[in-house]
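Let me begin by presenting the structure, written as structure tokens, before commenting on it.
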Amino acid sequence: MKPLHIAINGFGRIGRAAFRVALNHKDIEVAAINDLTDTGTLAHLLKYDSVYRRFEGEISFDEKNLVVNGKKYPVSAEKEPTKLPWRDHRVDVVLECTGRFTKEDAARAHLDAGAKRIVVSAPTKGGETKTFILGVNAGDYKNEAVISNASCTTNCVSPVLAVMESAFGILKSAMTTIHSYTAEQNLVDGPPPPLHRDLRRARAAAINIVPTTTGATSAVTATLPELEGIFDGLAIRVPTPVGSLSDFTLLVKKSTNVEEVNNVFRAAAKDKKFQGILSVTDEPLVSSDIIGDSHSAIVDLSMTNVIDGDLVKVVAWYDNEWGYANRLVELAVFQRGARVVISSRDKNELTKTAAEIGATPIVCDVTQENQVQNLVAETVKEFGQLDVMVNNAGLLAPRVPVVELDSEWVHKMMEVNFFGVLYGSKYVLRHMIKQNSGVIINIVSTSGLEPRSGSAGYAATKFAASGFTRGLTLEASGDNIFVLGVYPGGMRTLLFNLQPTLPSDYDAYMDPMAVAEKIVAHLEKDNPENELVIRRN
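Residue numbers (numbering that gives the first Met the number 0): 0 to 536.
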């Protein structure tokens with residue numbers, strides 16, 4: 000896979016944590032770092048961390064680079080974002096971690112420097128920048144160049160509230176975050192830190208319990224607008240360096256009990272959309288126990304309480320640095336959009352469709368046998384691994400043996416009229432990419448209904464049956480995977496990786512838009528049995 004090139008602007012607590020996280024993603028390359036501090040200091044702070052301990056690897060530096068395990072990471076010290084060397088380093092996404100450029104126009108300066116997209120690691124100001132929380136409202140992403148990942152607390156609170164709203168309905172809710180101290184407080188008594196007027200933040204963080212405000216209150220309703228006017232909260236900063244807790248009190252619409260609430264969260268923790276984001280625990284934890292946990296919210300089931308059926312107490316832990324840094328990096332990957340492999344035959348229509356919704360099209364000519372192989376090779380290069388799948392019902396071309404596939408990925412098959420490639424399939428393509436689809440391979444035949452040795456259908460089928468692959472293992476770094484396979488009859492394509500298929504009595508030759516609408520109806524069903532398969536590296 001071609002790595003996503005990210006730049007980190009601001010190498011403080013979150014910037015350094017994001018760097019560590021990014022190093023563990025084989026599909027991400029840190030292309031550049033910008034911080035006003037000298038490289039020697041940055042190297043020391045990366046190597047030695049009071050919370051996450053010593054970096055496991057070799058770290059050194061020179062005047063213009065951090066050197067980690069022998070690899071150089073360019074470092075600049077530029078105050079003005081428009082002058083940053085993002086264009087030279089081919090930066091795809093900037094992680095804006097300074098805390099200073101939280102307004103849309105200020106953050107957009109990175110675009111002028113050559114970056115393609117920006118994720119702001121803080122709640123933004125001015126109301127122009129949209130906020131996205133993975134697992135909650137990421138499906139609303141519309142190719143915005145500048146987005147906000149809000150705060151660590153928002154990333155904890157929003158998934159919990161989303162689960163409660165979906166299961167029980169929320170009439171009113173209040174939240175208190177018991178939050179470890181941060182650099183936005185004073186080590187000893189003195190004037191409040193810059194950008195803050197709250198005199199409580201002027202007091203020594205390590206020896207006081209400090210009530211204050213939280214930006215999560217407005218950011219949460221930006222991701223869950225149905226809670227506007229019925230949700231609020233505050234923060235209580237406490238003398239711990241990391242590890243925080245969100246305490247929810249909710250008045251719910253549907254009467255419930257402790258067991259039901261906990262079962263709802265157990266189910267949510269297994270839901271694909273919350274995997275890696277929300278988890279649960281039955282153990283009697285304290286804040287030190289969740290340091291280094293990458294989840295945004297760890298619901299403490301032992302603390303759940305229900306009074307008189309409708310007043311619910313829920314508690315969720317979170318590592319306010321490490322959990323947030325993981326979501327920040329994942330959101331950068333998400334923001335790049337789907338990568339779509341399409342045939343040259345349909346490039347005009349499908350490239351336009353992909354561009355409209357932020358996808359990156361990869362065009363490959365698949366009209367000849369060797370070019371089918373080229374498409375597979377291109378896909379492998381882009382996404383790491385591809386095992387071609389061909390359903391045995393489609394292996395009808397002459398002299399091609401039937402190959403039985405044994406794979407959890409091959410669930411059902413659907414046939415779509417060839418003309419749906421430009422019409423119905425275009426509609427499905429749009430929906431898929433909006434859902435952050437990872438791969439769409441569209442191989443079509445140009446040879447008519449009868450399979451011939453020169454057709455793409457015959458070539459792809461022969462290629463798949465040659466023993467090159469068995470089953471399907473296509474991985475794309477947590478993105479959803481969708482594949483339009485080949486039908487050797489020449490005038491139809493197969494849409495794989497849906498579960499379940501359409502009703503057995505549907506007409507394969509019906510209007511392609513009608514077929515597409517049926518497909519999308521299945522995609523949108525709110526039932527785990529009908530969810531699309533997600534494979535994570």
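Think of the CB as a built atom: it goes at the ideal place given N, C-alpha and C, for glycine as much as any other residue.
Segment limits, beta strand (DSSP E) that includes K312: That run of the beta strand (DSSP E) goes L310 to Y317.
I5 and D91 closer than 8 Å at C-beta: For I5 and D91, yes; Cβs fall inside 8 Å.
So, at 8 Å on beta carbons, what are the nonlocal neighbours of E103 in its own chain, with the 5 sequence-adjacent residues on each side left out? T123, G125, E127, T128 and V145
Within 10 angstroms of the Cβ of P158, are there 16 or more other Cβ atoms? Answer buried if so, exposed if not. Classification for P158: buried.
Report yes if the CB atom of V20 is closer than 8 Å to the CB atom of I290, and no otherwise. no
Beta carbon of F131, beta carbon of L330: below 8 Å? yes
Exposed or buried, which one is N325 when buried takes at least 16 other CB atoms within 10 Å? The residue is buried, with at least 16 neighbouring Cβ atoms inside 10 Å.
CB contact flag (T152, N8, <8 Å): no
Return the chain-ordered list of same chain residues with a C-beta closer than 7 Å to the C-beta of A16, the five sequence neighbours on each side being excluded. Correct list, in chain order: E320, W321 and A324.
Does the separation of the CB atoms of F18 and L45 fall below 8 Å? yes
With 16 other CB atoms within 10 Å as the buried threshold, where does P80 fall? buried
The beta strand (DSSP E) enclosing H251, as first and last residue numbers: The residue you asked about is not His; residue 251 is Val in the sequence shown. Unbroken beta strand (DSSP E) run through V251: S243 to V251.
Nearest-angstrom beta carbon gap, A166 and V311 [assumed within contact, 8 Å]: That pair is no contact at about 10 Å.
To the nearest angstrom, how far is the alpha carbon of V313 from that of L94? 32 Å
Determine the closest residue to L65 out of T40, L83, W85 and P84, with distance taken between C-alpha atoms. T40
Quick one: measure Cβ to Cβ for A182 and S150, integer angstroms, because I've assumed they're closer than 8 Å. Their Cβ separation, rounded to whole angstroms, is 14 Å, which puts A182 and S150 out of contact at 8 Å.
Closest by C-alpha distance to Y72, when choosing among E227, A30, A105 and A161: Sorting E227, A30, A105 and A161 by C-alpha distance to the C-alpha of Y72 places A30 at the top.
When you compare the CB positions of V257 and N304, do they come within less than 8 Å of one another, or not? yes
Hey, quick one: how far does the beta strand (DSSP E) through I13 stretch, first residue to last? From DSSP, I13 is part of no beta strand (DSSP E) but of the alpha helix (DSSP H) over R12 to L22.
May I ask you to report which of helix, strand or coil DSSP gives A218? helix
Considering only C-alpha positions, which residue in the set F54, P283, V209 and H109 is nearest to E77? H109
By Cβ distance, which residues of its chain are closer than 6 Å to L226, with the 5 residues on each side in sequence left out? T220
For D37, does the three-state DSSP call read helix, strand or coil? coil
Please report the straight-line C-alpha distance between G69 and S286, rounded to a whole angstrom. The alpha-carbon atoms of G69 and S286 are separated by roughly 35 Å.
Could you have a look at R200 and say whether DSSP puts it in helix, strand or coil? helix
Continuous alpha helix (DSSP H) stretch holding N64: start and end: Note, N64: premise wrong, no alpha helix (DSSP H); beta strand (DSSP E) at N64 to V67.
Cβ neighbours of V199 in the same chain (closer than 7 Å, five flanking residues each side left out): Checking the displayed sequence, the identity of residue 199 turns out to be Arg instead of Val. Excluding residues within five positions, the ones whose Cβ falls inside 7 Å are V209, P210 and T211.
Once the 5 residues before and after K115 are set aside, which same chain residues still bring their CB inside 6 Å of it? Hits under 6 Å: D91.
Assuming N304 is part of the alpha helix (DSSP H), what are its boundary residues? That residue, N304, is in no alpha helix (DSSP H); its beta strand (DSSP E) goes N304 to I306.
Please name the residue in A105, F230 and E55 whose C-alpha comes closest to that of G168. F230
By a C-beta neighbour count over all protein chains shown, 10 Å radius and 16 as the cutoff for buried, is R52 buried or exposed? exposed
Are V118 and Q334 close, meaning C-beta to C-beta below 8 Å? Yes, the Cβ-Cβ distance between V118 and Q334 is below 8 Å.
For G242, count neighbouring Cβ atoms within 10 angstroms of its own Cβ and tell me buried if that reaches 16, exposed if not. buried
Determine, for A201, whether the minimum Cβ-Cβ distance to residues of chain D falls below 8 Å. Within the model displayed, chain D is absent; a lone protein chain is all it includes.
I'd like to check one pair, L327 with N207: are the Cβ atoms closer than 8 Å? no
Whole-angstrom distance between P190 and A205, CA atom to CA atom: 16 Å
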